[in-house]
Amino acid sequence: GTGYSSLRALQHFPVDTVKIDRSFVAPLEHDPQEAAIVAAVISLSHALGLRTVAEGIETIAQVDRLRGLGCDLAQGFYFARPGPPEEIRQGS
Numbered sequence: 007g008t009g010y011s012s013l014r015a016l017q018h019f020p021v022d023t024v025k026i027d028r029s030f031v032a033p034l035e036h037d038p039q040e041a042a043i044v045a046a047v048i049s050l051s052h053a054l055g056l057r058t059v060a061e062g063i064e065t066i067a068q069v070d071r072l073r074g075l076g077c078d079l080a081q082g083f084y085f086a087r088p089g090p091p092e093e094i095r096q097g098s
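So the working numbering is basically just the index in the sequence shown, starting at one, shifted up by 6.
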């Protein structure tokens, strides 16, 4: 059945960005099925006029793969470890 589908939320809530969970990003480099899921999420998001952000980025290979798939934004330890706001440079 349809039950509750989080995809339906893309139509009914003021959403502007879809976050791709780290559980999909981690195996991205070596699992074609995971890569296909991520590609589909990015494609659907863009078709609906939404941006995408992938979390849990730890390698340049993940950055390159996500960039190739058209992901808009990325976050993770590859870029910076979490820290207090006063230590985070503006615009970095």
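C-beta atoms are modelled at their ideal positions from N, C-alpha and C, and glycine is treated no differently.
N-terminal and C-terminal residue of the beta strand (DSSP E) that residue i is part of
| i | result |
| --- | --- |
| residue 87 | Unbroken run through residue 87: none, as it is neither H nor E. |
| residue 61 | 57 to 61 |
| residue 24 | 23 to 26 |
Outcome for residue i when other beta-carbon atoms lying within 10 angstroms are tallied against a minimum of 16
| i | result |
| --- | --- |
| residue 34 | buried |
| residue 17 | exposed |
| residue 23 | exposed |
| residue 72 | buried |
| residue 98 | Reliability fails at residue 98, whose pLDDT of 49 lies under 50, so the model's placement of it is uncertain and the value that follows must be treated cautiously. So residue 98 ends up on the exposed side. |
CB of residue i within 8 Å of CB of residue j, strictly
| i | j | result |
| --- | --- | --- |
| residue 62 | residue 32 | yes |
| residue 52 | residue 89 | no |
Among the options, the one whose alpha carbon lies nearest that of residue i
| i | options | result |
| --- | --- | --- |
| residue 84 | 66, 26, 39, 76 | 66 |
| residue 82 | 12, 29, 19, 20 | 29 |
Nearest-angstrom beta carbon gap, residue j and residue i [assumed within contact, 8 Å]
| i | j | result |
| --- | --- | --- |
| residue 80 | residue 59 | 7 Å |
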